[in-house]
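Chemist: The sequence shown runs contiguously to residue 1147 in the working numbering. Glycine included, every Cβ here is placed at the ideal spot set by N, Cα and C. The following block contains the structure, expressed as structure tokens.
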Amino acid sequence: MKLWLLTQNINSGYDTYDSAVVAAKSEEEARNIEVGSTGEYGTWAKPEHVRVEYLGEARDKHPCGVVCASFNAG
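Take a look at the structure:
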């Protein structure tokens, strides 16, 4: 399992997520992990608007998903 930094700047107001660290097998899998909702007034962005950066390897058998996230509370 690999660790990835996800960032987005589509939803940048209050009560939105701007970034997260996730565990996933591939860049594509990481890009498709939903950190928050992606609806019209969602807290995250659609996968095509998410920037993905490889950080390194996770521990053996680490589960796929969000490790931590940055939320901009309003």
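(1) Would A1097 pass as a contact of W1117 if the rule is Cβ separation under 7 Å?
(2) With 16 as the cutoff for other CB atoms within 10 Å, does L1079 come out buried or exposed?
(3) Where are the beta strand (DSSP E) runs, 3 residues long or more, that stay fully inside the region 1079–1140, in chain order?
(4) Using DSSP's beta-bridge definition, name the partner residues of A1142.
(5) If you check the beta carbons only, do V1108 and A1131 fall under 7 Å apart?
Modeler: According to the data block:
(1) no
(2) buried
(3) 1089–1097, 1124–1130
(4) A1093
(5) no
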